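Quick note on numbering: our numbering labels position 17 of the sequence shown as 126, and the sequence is numbered without any gaps.
Cβ coordinates follow ideal geometry from the N, Cα and C atoms, glycine included.
Please read all numbers here as calculations on a predicted model, not as lab measurements.
Here's the structure, in structure tokens; my notes come after.
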Amino acid sequence: MISSDLIGSSPKFRAVLTDVDRIAPVDSAVLIQGETGTGKEVIARAIHEASPRRNNRFVALNCAAIPIALLESELFGHERGAFTGACAQTKGRFQMADGGTLFLDEIGDMPLELQPKLLRVLQEREFERLGSAQTVRVNVRVVAATNQDLWQLVSKKLFRADLFYRLNVIPLSLPPLRERVEDILPLTEFFVARFAASLNKPIDLIPDEVLAVLKAHDWPGNIRELQNFIERAVLFSPGSVLRLPLDLKPTAKQGTQSASGTLADADREHILETLNQTNWLVGGQDGAANRLGLPRTTLIYKMRKLGIEPRRSSKARPIRQQADEQCYAASC
110 MISSDLIGSS PKFRAVLTDV DRIAPVDSAV LIQGETGTGK EVIARAIHEA
160 SPRRNNRFVA LNCAAIPIAL LESELFGHER GAFTGACAQT KGRFQMADGG
210 TLFLDEIGDM PLELQPKLLR VLQEREFERL GSAQTVRVNV RVVAATNQDL
260 WQLVSKKLFR ADLFYRLNVI PLSLPPLRER VEDILPLTEF FVARFAASLN
310 KPIDLIPDEV LAVLKAHDWP GNIRELQNFI ERAVLFSPGS VLRLPLDLKP
360 TAKQGTQSAS GTLADADREH ILETLNQTNW LVGGQDGAAN RLGLPRTTLI
410 YKMRKLGIEP RRSSKARPIR QQADEQCYAA SC
């Protein structure tokens, strides 16, 4: 049974749901690939909920969010005294997910030195906690996800080929939102209902012109970007009719200019205004990306697409500024 959180009826998304139903009953490893914000963890949860393991735990770990020095302990656990600060025996994510499903997000960022140990537990279903010689056996289904080209990482010797083949037993590719235009309306309705309730701002109508603007946008941040946009729209709507935020609303122009052009103009003005407010600081707590509710790389992508050249910020640390400029040049 597919999770009710999965919203959409476009042909490409229906094909994904069909694949989920087909692969959920088996225990084979799954590798979900797709752009940032396409809902890879939602699909992983749907696979778990439709599987015989549904009554056991779904455990998630973002491999890119854990420092390398701590990732082995997060995965496999540790014994008391295994390292400074290890005051008690601790279970890792594999042991927590015993009998259930372990979701490894951003698997492309798994350090090379840990990959052999991950390969072993996938093949043999056993491992040792950090600081222990005792073997622990587990029964875990692994679902991994990435927005990177793993085979390209293999060719660059940044990812083990044998681990890639072991994870890629069942490949599943998620379409970006720009290829699911039919799903923008139900997704918008879902997010409007959610944020109207949480913000206590009833929204009764989504005008056709607002929907046209949403459908015309290419959404480089995919569903996550749409979600953030709708939250702002609900927040700034003055009444019960959904309106674009005043600082994002396209201005009326003569001629037959497309909705995508007007949205691009509005995006550009809003991004420039936010950059000026942050003294052209892109990343960090006080940066424009944080204020806009976007990942730093997504904002840099949008800046380059809209022709906004980066400027040096007096607030930015040299290393961060250099990283932003390099990311901009690489079209992140």
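For P120, the uninterrupted alpha helix (DSSP H) run begins and ends at P120 to I132, by DSSP. Here the alpha carbon of P329 sits roughly 15 Å from the alpha carbon of I339. Under the three-state reduction of DSSP output, R250 falls in the strand class.
DSSP, reduced to helix, strand and coil, places Q224 within a helical segment of the structure shown. Restricting attention to V245, L381, E235 and L170, the CA atom closest to the CA of L211 is found in L170. 7 Å or more divides the Cβ of F203 from the Cβ of V129. For A169, the uninterrupted beta strand (DSSP E) run begins and ends at F167 to N171, by DSSP. Between S119 and R287, the C-beta gap is not smaller than 7 Å, which leaves the two residues out of contact. A check of alpha carbon separations from D207 across G148, R246 and E183 identifies R246 as the nearest.
Cβ-Cβ distances below 6 Å link P280 to L140 in the same chain, with the five nearest sequence neighbours on each side left out; the list follows chain order. L231 sits close to R275, with the two beta carbons spaced by under 7 Å. Between the stretch 320–337 and the stretch 401–419 there are three or more C-beta pairs closer than 8 Å, enough to call the two in contact. Taking 7 Å as the cut-off, the Cβ atoms of F122 and D292 count as close. Taken in chain order, the unbroken stretches of alpha helix (DSSP H) that lie wholly in the stretch 302–328 and span 4 residues or more are 317–325.
The criterion of a C-beta distance shorter than 7 Å is satisfied by A305 and I312. If you look at T407, you'll find it in the alpha helix (DSSP H) that goes R405 to K414.
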